[in-house]
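Chains as they are written, first to last, in my numbering: chain L, 1 to 288; chain P, 289 to 553.
Some notes on the structure that comes next.
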Amino acid sequence: MNVLSVINISSLLLDPLSHEFMRRALMVSALVGAVCGLLSCYMTLKGWALMGDAVSHAVMPGVVVAYALGLPFSLGAFVFGVGSVALIGFVKQKSRIKEDTVIGLVFTGFFALGLVLVSKIKSNIDLMHILFGSPLGISLSDVNQTLIISFFVVITLLVFRKDLMLYCFDPTHARSIGINTGLLHYLLLTLLSLAAVVGLQTVGIILVVAMLITPGATAYLLTDKFNRMTILAVLSSSISSVIGVYISYWSDIETGGSIVLVQTVIFLIAFLFAPRYGILKVHSSIKP
Amino acid sequence: MVFSNNQKENKLFRIEADQVCVDYNGTVALYDASLKVVEGSICGLVGMNGAGKSTFFKALMGFVRPSRGIIKINGLQVSKAQSQQAVAYVPQSEEVDCSFPISVWDVVMMGRYGSMNLFRIPRESDRRAVWHALERVDLIDLRSKPIGTLSGGQRKRTFLARAIAQRASVLLLDEPFSGVDVPTEKLMADLFLQFRQENRTILISTHDLSHVRDFCDLVVLINKTVLAYGETSKVFTKENLNMTFGGLPPEPLFGSASSQQEDFS
């Protein structure tokens, strides 16, 4: 009985690995989860959830244009991601409209442009893949691009780890000791655009913002140490990506939705049971 | 840098502002502000909300560029002084995100970032500076606590320790006595005297006059411009204070100097 169930579980886990597309999907999803999870710590601490939503939607026309021109889609996404943020800053500065309104206005405009372009430029772009992701159908060149972007994002985050943390925590101090905070601001936005690009391959444009905030929010409930927060965010994000892909395979459900749902469930568990900040405060008597 | 000979002890000017004007998109925040503060002094910056205190701080930190006039710190341009870690800003406790997952030690270590390499890897000397700074503000025992668990006074001391670790010669303090407990206030008063002995200069922005009277050697009264500055006993007159706090509004020099409602913080 026991032996049988072990065999059962191991076949559940291992059988999918016999397919090339599943191995690829699992690897890419775990990697994307890790990259987005790492960045999500900065997004949640800086309070950039809305900005993440905006940038991830605004990359849409960039992806379409890049595909149409045969350029790497990350390039198009990057240009439009950073461009949207520059536009947000410009409109905010030059008008009396409040920032959240400007953000909403700009990203929906970009997104609409993307939709129009997809319908006009008849190519082999599948709208559904952009909107909802398709880790099970990812091509080899996309895998390579994801690897390169992920490597760049992670290395940059590691090198500027402390400066970015200081920038999120106390930009005034950062500036007063001569650190170029404008540069850090745009660096973080660049990383956000790039992470949105890799994220949209697994969960799609609409849900990528979840990858960019949920793991950070979950980790934030679990610890008071920044380093530990990044580790927890990376772990929870890549583990939920892997679980999400498996569930999607077994029960034939939409992969992006499955990944984000797993993330949300993990967040809910932390929200309820986190040792110190969970609403049930399971170990409230034990001091961390 | 020329030192005037009539300056008795040949002291260095920590802060020199000469006819500084700052405006934000046409709204004048500060005009013709001139003052000189020597090393080893505690200087109170007194004025109403929106009188230009925070603007003056921002100009000293290089966040706003004066539209006219010159600011020098230790005889250097602001940006030069900054890269030498000369200026430290001690924020009000409410200005920082206290739920940020960071310990007291790490906050104070941020004072050393400017002197570290790109990766901000602390050397032994950085660790010693942080330890020493924490000792001076009496927070050694709380060094590994997250800042979210501290009291307002302890948080204030944390940021003072960061300025000490930075080895700044000019300290800008925004309302340092608001919301601190009595022990912290005492400790801060002692620290300020020590800073003066170490030839640092402290600029305290406040509208709390009793603290200025007790702690400050020099006072600067501002309302869009420097109304008066000098030794506390001489400047703190009734007429001067009336002028600072809603007595006579100053002559508008450029455009709409009369709009006083906004505080640029």
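Glycine is no exception: its CB is placed at the ideal position from the N, C-alpha and C atoms.
Model, not experiment: these values are computed from the prediction.
Q) Which chain P residues are close to L:V294, counting only those with a beta carbon under 9 Å from its beta carbon? A) As displayed, chain L neither begins before 1 nor continues past 288, which places residue 294 of chain L out of reach and without an answer.
Q. Under 8 Å between C-beta atoms, does L:I148 make it to chain P?
A. Numbered from 1 along the first sequence, position 148 holds the residue referred to as residue 148 of chain L. Closer than 8 Å: no.
Q: Pick helix, strand or coil for P:K526, following the three-state DSSP scheme.
A: In the second sequence, counting from the first residue as 1, residue 526 of chain P sits at position 238. Reduced to three states, the DSSP call for P:K526 is helix.
**Q.** Inside the segment 314–352 of chain P only - alpha helix (DSSP H) runs reaching at least 4 residues
**A.** Within the segment 314–352 of chain P, the complete alpha helix (DSSP H) segments at least 4 residues long are 341–348, listed from N- to C-terminus.
Q.
Which same chain residues end up closer than 8 Å to P:N405 when comparing Cβ atoms and leaving out the 5 residues on each side of it in sequence?
A. What you label residue 405 of chain P is simply residue 117 of the second sequence in a count that begins at 1. Contacts found: none.
Q.
Does the segment 326–340 of chain P come into contact with the segment 480–491 of chain P, if we say contact requires no fewer than three beta-carbon pairs (one atom in each stretch) closer than 8 Å?
A. yes
Q. How would you list, in chain order, the residues of chain P whose beta-carbon sits under 7 Å from the beta-carbon of L:H173?
A. Taking the first residue of the first sequence as 1, we reach residue 173 of chain L at position 173. Neighbours of L:H173 on chain P, chain order: Y377, M398.
Q.
Under 8 Å, Cβ to Cβ, is there at least one residue of chain L near P:Y401?
A. In the second sequence, counting from the first residue as 1, residue 401 of chain P sits at position 113. Yes, its Cβ sits closer than 8 Å to a Cβ of chain L.
**Q.** Proximity below 8 Å, CB of L:H57 to CB of P:M398
**A.** Against the first sequence, residue 57 of chain L aligns to sequence position 57. Against the second sequence, residue 398 of chain P aligns to sequence position 110. No; because the gap between Cβ atoms is not below 8 Å, this pair is not in contact.
Q. At a CB-CB cut-off below 8 Å, which residues of chain L make contact with P:G314?
A. Indexing the second sequence from 1 puts residue 314 of chain P at position 26. In chain order: nothing, as chain L lies at least about 14 Å away.
Q. Using a Cβ-Cβ distance under 8 Å, would L:T190 count as near chain P?
A. The sequence position of residue 190 of chain L within the first sequence is 190, counting from 1. Chain P, which has no Cβ nearer than 8 Å to the Cβ of L:T190, makes this no.
(Q) Strictly below 9 Å CB to CB, what residues from chain L border P:Q485? (A) If you number the second sequence from 1, residue 485 of chain P lands on position 197. Those do not exist, as P:Q485 stays about 24 Å from chain L at its closest Cβ, beyond 9 Å.
Q. Given 8 Å as the limit, is there contact between the segment 235–254 of chain L and the segment 408–420 of chain P, that is, 3 or more CB pairs closer than that?
A. No, the segment 235–254 of chain L is not in contact with the segment 408–420 of chain P.
Q.
Please list the terminal residues of the continuous beta strand (DSSP E) segment that includes P:R356.
A. Here the question's residue 356 of chain P lines up with position 68 in the second sequence. 356–361 is the extent of the beta strand (DSSP E) around P:R356.
Q | Nearest-angstrom Cβ-Cβ length linking P:L323 and P:V375, presumed shorter than 8 Å | A | Mapped onto the second sequence, residue 323 of chain P falls at position 35. Mapped onto the second sequence, residue 375 of chain P falls at position 87. With a Cβ gap of about 16 Å, P:L323 and P:V375 do not count as contacting.
Q) For P:R445, which residues from the same chain have a beta carbon less than 8 Å from its beta carbon, with the 5 sequence-adjacent residues on both sides left out? A) What you label residue 445 of chain P is simply residue 157 of the second sequence in a count that begins at 1. Around P:R445: V425, D426, L427, T472, L475, M476.
Q) Helix or strand or just coil, what does DSSP make of L:Y42? A) Taking the first sequence and counting its residues from 1, one reaches residue 42 of chain L at position 42. If DSSP states are grouped into helix, strand and coil, L:Y42 belongs with the helices.
Q: List the whole-angstrom C-beta distance separating P:G518 from P:L529, where the pair is believed to meet the contact cut-off of C-beta under 8 Å.
A: Position 230 of the second sequence, counting from 1, holds the residue named residue 518 of chain P. Position 241 of the second sequence, counting from 1, holds the residue named residue 529 of chain P. The Cβ separation is near 14 Å, so there is no contact.
Q. For chain A, is any of its Cβ atoms less than 8 Å away from the one on L:M51?
A. As a matter of chain content, chain A is missing from the structure shown, whose protein chains are L and P.
Q. At which residue ranges does the segment 432–508 of chain P contain complete beta strand (DSSP E) runs of 3 or more residues, listed in the order of the chain?
A. The segment 432–508 of chain P contains these whole beta strand (DSSP E) runs: 458–462, 489–494.
Q: Pull out every residue of the segment 344–373 of chain P whose Cβ sits closer than 8 Å to any Cβ of chain L, in chain order.
A: M349, G350, F351, S367, Q370, S371, Q373
Q. Nearest chain P C-beta to L:I205 closer than 8 Å, yes or no?
A. Position 205 of the first sequence, counting from 1, holds the residue named residue 205 of chain L. Cβ-Cβ to chain P under 8 Å: no for L:I205.
Q: Specify whether the segment 184–192 of chain L and the segment 10–22 of chain L touch according to this definition: at least 3 beta carbon pairs, one from each stretch, less than 8 Å apart.
A: As far as the Cβ criterion goes, the segment 184–192 of chain L does not touch the segment 10–22 of chain L, which means the pair count is below three.
**Q.** Contacts around P:F533, its chain only, beta-carbon distance under 7 Å, and the 5 residues preceding and following it disregarded
**A.** For the purposes of this step, residue 533 of chain P is identified with residue 245 of the second sequence, where counting begins at 1. Closer than 7 Å at the Cβ level, and outside the excluded window around P:F533, lie M336.
Q: Would you kindly report the start and end of the unbroken alpha helix (DSSP H) that includes P:E519?
A: Against the second sequence, residue 519 of chain P aligns to sequence position 231. From DSSP, P:E519 is part of no alpha helix (DSSP H) but of the beta strand (DSSP E) over 514–519.
Q. Tell me, which residues are paired with P:Y401 by DSSP?
A. In the second sequence, the residue the question calls residue 401 of chain P occupies position 113. Paired residue(s): none; P:Y401 is not in a bridge.
Q: Please look up how many angstroms separate the CB atoms of L:G216 and L:S40, rounded, as I've assumed it's under 8 Å.
A: The count along the first sequence starts at 1 and reaches residue 216 of chain L at position 216. The count along the first sequence starts at 1 and reaches residue 40 of chain L at position 40. About 3 Å separates the two Cβ atoms, so the contact holds.
(Q) Which same chain residues end up closer than 6 Å to L:L207 when comparing Cβ atoms and leaving out the 5 residues on each side of it in sequence? (A) Locating residue 207 of chain L in the first sequence gives position 207, counting from the first residue. G256, V260, listed in sequence order.
**Q.** Rounded straight-line distance, which links the Cα of P:L515 to that of P:M531
**A.** Reading the second sequence from its first residue, position 243 is the one you call residue 531 of chain P. Reading the second sequence from its first residue, position 227 is the one you call residue 515 of chain P. Spanning the two alpha carbons is a distance of roughly 8 Å.
**Q.** Candidates L:L105, L:Y42, L:P72, L:A77: closest to L:I88 by CA position
**A.** For the purposes of this step, residue 88 of chain L is taken as residue 88 along the first sequence, with counting starting at 1. Selected option, being the one with the closest Cα: L:L105.
Q: Quick one: residues in its chain with C-beta nearer than 7 Å to the C-beta of L:Y220, no 5 flanking neighbours on either side, listed in chain order?
A: Within the first sequence, numbered from 1, the residue matching residue 220 of chain L stands at position 220. So the list reads T44, M229, once near-sequence residues are dropped.
Q) Buried or exposed: which applies to P:L479, given that a residue is buried once 16 or more other Cβ atoms fall within 10 Å of its Cβ? A) For the purposes of this step, residue 479 of chain P is identified with residue 191 of the second sequence, where counting begins at 1. By the neighbour-count rule (16 or more Cβ atoms within 10 Å), P:L479 is buried.
Q. Which of helix, strand or coil does DSSP assign to L:Q145?
A. Looking up residue 145 of chain L in the first sequence gives position 145. Three-state result, L:Q145: helix.
Q) Is L:E254 helix, strand or coil when you go by DSSP? A) One-based indexing of the first sequence puts residue 254 of chain L at position 254. Coil, per DSSP.
Q: Say yes only if the C-beta of L:L235 is nearer than 7 Å to one or more non-hydrogen atoms of the ligand NAP, and no if none qualify.
A: The model depicted lacks the ligand NAP and carries no ligand whatsoever.
Q) Going along the chain, which residues of the segment 379–395 of chain P sit with their C-beta nearer than 9 Å to a C-beta in chain L? A) Answer in chain order: P379, E383, V384, D385, S387, F388, P389, I390, S391, D394, V395.
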